[in-house]
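First comes the structure, then the notes that go with it.
There are 2 protein chains.
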Amino acid sequence: MTTSDHSGEISMTTADTTPEELDRVLAAATAAARPFGELRPARRAELLRRVADELDAAGDELVPLAQAESHLPEPRLRGELVRTTFQLRLFSEVLEEGSYLGAVLDSPREDWPTGARPDLRRMLLPLGPVVVFAASNFPFAFSVAGGDTASALAAGCPVVLKTHPGHPELSRRTGEIVADALRAGGAPEGTFALINGDEAGRGAVQDPRIRAGGFTGSLRGGRALFDLACARQDPIPFYAEMGSVNPSFATPRAAEQAADVAAGYLGSFTLGAGQFCVKPGLLFVPEDRAGEFEKALVDAVTAREPAPMLNDRIETGFWQVLDRLTEHPAVQVLARGERTASGPSPTLLRTTAARLREHRDELVEECFGPASILVSYTDEQDLLAAVELFRGELTATVHGEADEPLTARLCTELAERAGRVVCNAWPTGVSVTHAMQHGGPYPATTAGTTTSVGTAAIERFLRPVCYQNAPAEVLPEALRDDNPLGIPRRVDGQLVLP
Amino acid sequence: MTTSDHSGEISMTTADTTPEELDRVLAAATAAARPFGELRPARRAELLRRVADELDAAGDELVPLAQAESHLPEPRLRGELVRTTFQLRLFSEVLEEGSYLGAVLDSPREDWPTGARPDLRRMLLPLGPVVVFAASNFPFAFSVAGGDTASALAAGCPVVLKTHPGHPELSRRTGEIVADALRAGGAPEGTFALINGDEAGRGAVQDPRIRAGGFTGSLRGGRALFDLACARQDPIPFYAEMGSVNPSFATPRAAEQAADVAAGYLGSFTLGAGQFCVKPGLLFVPEDRAGEFEKALVDAVTAREPAPMLNDRIETGFWQVLDRLTEHPAVQVLARGERTASGPSPTLLRTTAARLREHRDELVEECFGPASILVSYTDEQDLLAAVELFRGELTATVHGEADEPLTARLCTELAERAGRVVCNAWPTGVSVTHAMQHGGPYPATTAGTTTSVGTAAIERFLRPVCYQNAPAEVLPEALRDDNPLGIPRRVDGQLVLP
Chain G
164 MTTSDHSGEI
174 SMTTADTTPE
184 ELDRVLAAAT
194 AAARPFGELR
204 PARRAELLRR
214 VADELDAAGD
224 ELVPLAQAES
234 HLPEPRLRGE
244 LVRTTFQLRL
254 FSEVLEEGSY
264 LGAVLDSPRE
274 DWPTGARPDL
284 RRMLLPLGPV
294 VVFAASNFPF
304 AFSVAGGDTA
314 SALAAGCPVV
324 LKTHPGHPEL
334 SRRTGEIVAD
344 ALRAGGAPEG
354 TFALINGDEA
364 GRGAVQDPRI
374 RAGGFTGSLR
384 GGRALFDLAC
394 ARQDPIPFYA
404 EMGSVNPSFA
414 TPRAAEQAAD
424 VAAGYLGSFT
434 LGAGQFCVKP
444 GLLFVPEDRA
454 GEFEKALVDA
464 VTAREPAPML
474 NDRIETGFWQ
484 VLDRLTEHPA
494 VQVLARGERT
504 ASGPSPTLLR
514 TTAARLREHR
524 DELVEECFGP
534 ASILVSYTDE
544 QDLLAAVELF
554 RGELTATVHG
564 EADEPLTARL
574 CTELAERAGR
584 VVCNAWPTGV
594 SVTHAMQHGG
604 PYPATTAGTT
614 TSVGTAAIER
624 FLRPVCYQNA
634 PAEVLPEALR
644 DDNPLGIPRR
654 VDGQLVLP
Chain Z
164 MTTSDHSGEI
174 SMTTADTTPE
184 ELDRVLAAAT
194 AAARPFGELR
204 PARRAELLRR
214 VADELDAAGD
224 ELVPLAQAES
234 HLPEPRLRGE
244 LVRTTFQLRL
254 FSEVLEEGSY
264 LGAVLDSPRE
274 DWPTGARPDL
284 RRMLLPLGPV
294 VVFAASNFPF
304 AFSVAGGDTA
314 SALAAGCPVV
324 LKTHPGHPEL
334 SRRTGEIVAD
344 ALRAGGAPEG
354 TFALINGDEA
364 GRGAVQDPRI
374 RAGGFTGSLR
384 GGRALFDLAC
394 ARQDPIPFYA
404 EMGSVNPSFA
414 TPRAAEQAAD
424 VAAGYLGSFT
434 LGAGQFCVKP
444 GLLFVPEDRA
454 GEFEKALVDA
464 VTAREPAPML
474 NDRIETGFWQ
484 VLDRLTEHPA
494 VQVLARGERT
504 ASGPSPTLLR
514 TTAARLREHR
524 DELVEECFGP
534 ASILVSYTDE
544 QDLLAAVELF
554 RGELTATVHG
564 EADEPLTARL
574 CTELAERAGR
584 VVCNAWPTGV
594 SVTHAMQHGG
604 PYPATTAGTT
614 TSVGTAAIER
624 FLRPVCYQNA
634 PAEVLPEALR
644 DDNPLGIPRR
654 VDGQLVLP
């Protein structure tokens, strides 16, 4: 949390934020909202680059902190820091390009069919202060300076960051660097602050000064906060990304390459000790190839070294879900993971599509950790019936030949149920790009019309305003006749590039 | 509601929809969702034009029905029908232009900083069946074939239309024409249906087959349905437009033209018997000009003829709110409207900015009908303090000179609180264009990040999907290399026009 000492500097701690401290943080964020939102996009782009530069420069300090608190290996954390600062810089490009402002100009038209059309100009403005809940499994990329923070700051919204208790020191130090970089770059005081503790987080979601929320974490946690946001006297958008089962499917022809598909699958579900919200939790294979998959997988799974999980709470939760699955009568254990001092070794389970349908509610559940279920199907009909089990997934994966009709059929079905459809690859390793979609229908997220990764994530923190008949003196630069920002705009219905 | 007789034709009635009938309607909408959503955009454009043509052709039948049920005058209803069919045709253009698909293509890049970038292609797909709640005050433009229906059909979503009980026969007949036109144009059976009665409406919002909701009406009704949508096991977006107070402000220099400003104000707040959600409910004028405004307004208000309201329920609600306002000790009655057999005559009230601040909760309330409050302010500080009373408005209006600093200051303040800022004009008469924004922070709507009028309304009914590494056989046309739809796309970060 953030307090001002008498020098006026902001200091951050790992202690729980008191209600009085929260009130000061929110007051500062509110005061910062207009001046920060009114900065020219190119100025905010500079600020984001400065934050990125400072974080990169602090890598040798931050990565060991992250290692100590997350048990993740150094190369992974170095790569994640690169991803985090790249993300900030990519949003700088988005700001400079300017399409994100959604500028639309309609000139007056006497002959408009609905009556004389006035001068109308529409653009997107920042929503105001946003609370962001950090996740534990990406201590950089989905935490203090992660995607939600980057996209909200890019949009022009001050960020109140609820830290994750899984990496308190890293959070504190990252928060200081972000706040210092913003301050040094001339951002208004209050543009960024940390808060600690569940009570402060809930308080922020319910406070009228907060205008939107972002969250990455569990279904239970995300839903509880979403419910608070909706129950406010003035409901606010709450963008919770809550993970999913991420089913994957091998068509009969893809399954002819059982060894290759199995190797990719194993690599994907055990990556990072299975602690990714896009981990493939199920692989459907044809019954007549199931033996080959088992053969290719069982020894390989058993041979995998255990890997430490992020923290005890996550490991406890993992074993709870896994124990329920392994003890379920419809499930066969192909390779039983061990609880070792250095973490769990991977587990592979087996069932059939028919049993999965019969026991959907017990078996189709996110198991956050190194475990997955191999599911055999008898024929195409059996497989397509199983697809109906899934309604809201971050990803769905199809291994199939391009000219095999089942491949396209599966992709069509799955596009209705998932935010990203992956073909002949694996869902882990979410790239940060313009076309990325990280979201999906509930329960993958509370807002399947949005994404939390990729440049479109900025759209979550903007709202449209139309200026009617406004003199030039009143108009934001994005809407002035001479287009001083040099951005793409829609003018009288036509998209015009600068 | 919709039933199939044995010829397979659909017939519509005005009777309340039973749960069994609702189930059939929702099953048909669900079956229609994929084939309707998969139609090429240009095919759906044809369907919308066909609906528009059939409605235009039926004008001589529909307008008298609307007159009888809404008490609105014929010219207004003729104009509203033009607006309704224009809106359908404007969405046809949106479909043909194709930007609404949000197509983004990122090609593979080995050197991508976050690791090799795969082939990623993102576009927007229809959400699935949508329930739309019709409003009473626009029996064409916000009812059966209104903006929510047009934008949802354009997006590719089947529409289950909950009729408004204020115009049952018009609804039934309009519904028949829409369904017949869609069927004749080759749309899948189930693409459009009517349901009647609050219970069926609530049932639809809570049914898992419904993927989003649209609503125009009262705060109480909209909030209750929004709460149902959020409380579902799988929450869905619920876009409720619930009206607002629409404050208007005259700066000291604008107030020098008191007679002109007063005339425009009177015309706007009495238009259509004040039954517009953008009716200006308050006009702020400088204290030292208040006498001139009173002089210009009182006789003119008193001289206005009464006009019938839409129905008894709306008139009863109007008098309830108005009686509370007129009896409030902080309010002075300048011109008292009469209850006559032909409806209420207009009412003008008066208070001060200071009293309005003191009694915000009692005085700042939508009064749906021909009444408004003249509010005097002492100085700029008093005026700006009053602006803080408003948090969520569809519109806010500023009368001021372009070179008067207060004009820009007010517009900046109001852009944070309203969806549309109107300068030196009046908010009634919402044009249907690309730049229009009809929405605003809560309580104007439940989704201030969206609009229910203008071409951007289509965005409410779409969700993004990313295809990773998908072969051409799998990709929707919008994302294929050769751009067969000829639409604007973002390719490797650059906007490319066809």
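Protein chains in written order, with my numbering: chain G, 164 to 661; chain Z, 164 to 661.
Heads up, the beta-carbon is just placed ideally off N, CA and C, and yes, glycines get one too.
Remember, predicted model here, so these are calculated numbers, not experimental data.
- Message: Any C-beta of chain G within less than 7 Å: which residues of the segment 266–284 of chain Z qualify?
- Response: Val267, Leu268, Asp269, Trp275, Pro276, Thr277, Gly278, Arg280, Pro281, Leu283, Arg284
- Since Val408 of chain Z meets chain G, which of its residues come closer than 9 Å, beta carbon to beta carbon? Simply none; closest approach about 15 Å.
- Task: Specify, as a first and last residue, the run of the beta strand (DSSP E) that Tyr540 of chain G falls within.
- Result: 534–540
- Is the CB-CB distance between Arg203 of chain Z and Arg252 of chain Z below 8 Å? It is not a contact, given that the beta carbons lie outside the stated cut-off.
- Could you give the DSSP three-state label for Pro647 of chain Z: helix, strand or coil? coil
- Report yes if the CB atom of Gly353 of chain Z is closer than 8 Å to the CB atom of Ala194 of chain Z, and no otherwise. Against a cut-off of 8 Å, the Cβ pair of Ala194 of chain Z and Gly353 of chain Z comes out as a contact.
- Does the beta-carbon distance from Thr558 of chain G to Val585 of chain G come in below 8 Å? yes
- Query: How big is the Cα-Cα spacing for Leu660 of chain G and Val593 of chain Z?
  - Reply: Cα to Cα, the separation comes out at about 28 Å.
- Task: Round the Cβ separation of Pro410 of chain G and Phe447 of chain G to the nearest angstrom and send it over; I've been treating them as touching at under 8 Å.
- Result: Pro410 of chain G to Phe447 of chain G, Cβ: 7 Å. Contact.
- Item | Listed by chain order, chain G residues near Gly377 of chain Z by CB distance under 9 Å | The premise fails here: Gly377 of chain Z is roughly 14 Å from chain G at the closest Cβ pair, so nothing lies under 9 Å.
- Closer than 9 Å by beta-carbon distance: list the chain Z residues that pair up with Leu202 of chain G, in chain order. Going along chain Z, no residue has its Cβ under 9 Å from Leu202 of chain G, so there is no contact; the nearest lies around 14 Å.
- Message: If you measure between the beta carbons of Pro138 of chain Z and Ala229 of chain Z, is that distance less than 8 Å?
- Response: Given that chain Z is displayed from residue 164 to residue 661, the structure contains no residue 138 of chain Z and the question cannot be resolved.
- Message: Give me the chain G residues within the contact set of Ser381 of chain Z, using Cβ-Cβ distance strictly less than 9 Å, ordered along the chain.
- Response: Those within 9 Å of Ser381 of chain Z in chain G number zero; the least Cβ separation is about 16 Å.
- Query: Can you find a CB in chain G that lies within less than 8 Å of the CB of Met405 of chain Z?
  - Reply: no
- In three-state DSSP terms, what is Ile373 of chain Z? Here Ile373 of chain Z sits in coil by DSSP.
- Given Gly261 of chain Z as reference, the closest of Z:Ala619, Z:Ala633, Z:Ala192 once Cα atoms are compared: Scanning Z:Ala619, Z:Ala633, Z:Ala192 for the CA closest to the CA of Gly261 of chain Z turns up Z:Ala619.
- Same chain, Cβ closer than 6 Å to Arg285 of chain Z, neighbours up to 5 away in sequence not counted: Val267, Pro627, Cys629
- Query: Can you give the Cα-Cα distance for Arg206 of chain G and Leu642 of chain Z, rounded to whole angstroms?
  - Reply: 34 Å
- Task: Determine the chain Z residues that contact Pro471 of chain G at a beta-carbon separation under 9 Å, and present them in chain order.
- Result: Going along chain Z, no residue has its Cβ under 9 Å from Pro471 of chain G, so there is no contact; the nearest lies around 23 Å.
- N-terminal and C-terminal residue of the alpha helix (DSSP H) that Ser233 of chain G is part of: Element bounds for Ser233 of chain G: 222–233.
- Buried versus exposed call for Glu172 of chain Z [16 or more other C-beta atoms within 10 Å across all chains shown]: Its pLDDT being 43, under 50, Glu172 of chain Z is placed unreliably by the model, and the measurement read from it follows with that caveat. Counting Cβ neighbours within 10 Å, Glu172 of chain Z comes out exposed, since fewer than 16 surround it.
- Smallest Cα separation from Asp274 of chain G: which of Z:Ala363, Z:Thr596, Z:Asp655? Ranked by how close their Cα comes to the Cα of Asp274 of chain G, the residues Z:Ala363, Z:Thr596, Z:Asp655 have Z:Thr596 in first place.
- Query: Along chain G, in chain order, which residues have C-beta atoms closer than 9 Å to that of Phe249 of chain Z?
  - Reply: Around Phe249 of chain Z, the beta-carbon contacts reaching into chain G at under 9 Å are Trp275, Pro276, Thr277.
- Item | Under 7 Å from the C-beta of Asp566 of chain Z: neighbouring residues of chain G | Glu636
- Task: Whole angstroms is fine: what's the gap from Gly427 of chain Z's alpha carbon to Trp589 of chain Z's?
- Result: 7 Å
- Query: Comparing the C-beta of Gln600 of chain G with each C-beta of chain Z, is any distance below 8 Å?
  - Reply: For Gln600 of chain G, the nearest CB of chain Z lies under 8 Å from its own CB, placing it at the interface with that chain.
- Task: Pull up the distance between the alpha-carbon of Glu556 of chain G and that of Thr609 of chain G, whole angstroms please.
- Result: 11 Å
- State yes or no: is the beta carbon of Arg653 of chain Z nearer than 8 Å to at least one beta carbon in chain G? At least one C-beta of chain G is nearer than 8 Å to the C-beta of Arg653 of chain Z.
- What are the start and end residues of each continuous beta strand (DSSP E) run of 3 or more residues lying completely inside the segment 528–614 of chain Z, in chain order? 534–540, 556–562, 581–586
- C-beta contact flag for Ala215 of chain G and Phe624 of chain G at 8 Å: no
- Work out the CA separation of Pro639 of chain Z and Leu283 of chain Z for me, nearest whole Å. The alpha-carbon separation between Leu283 of chain Z and Pro639 of chain Z amounts to approximately 13 Å.
- Task: Compare the Cα-Cα distances from Gly582 of chain Z to each of Z:Pro238, Z:Leu488, Z:Gly406 and report the closest residue.
- Result: Z:Gly406
- Interface flag, Ser262 of chain Z vs chain G, CB-CB below 8 Å: yes
- Query: Residues in its own chain within less than 6 Å of Ile664 of chain G by CB, not counting five upstream and five downstream?
  - Reply: The shown model of chain G, from 164 to 661, leaves out residue 664 of chain G, and the question about it has no answer.
- Item | Range of the contiguous beta strand (DSSP E) that encloses Asp269 of chain Z | 267–269
- Given that a residue counts as buried once 16 or more other Cβ atoms are within 10 Å of its Cβ, and exposed if not, what is Lys458 of chain G? Classification of Lys458 of chain G: exposed, given that the 10 Å Cβ count is below 16.
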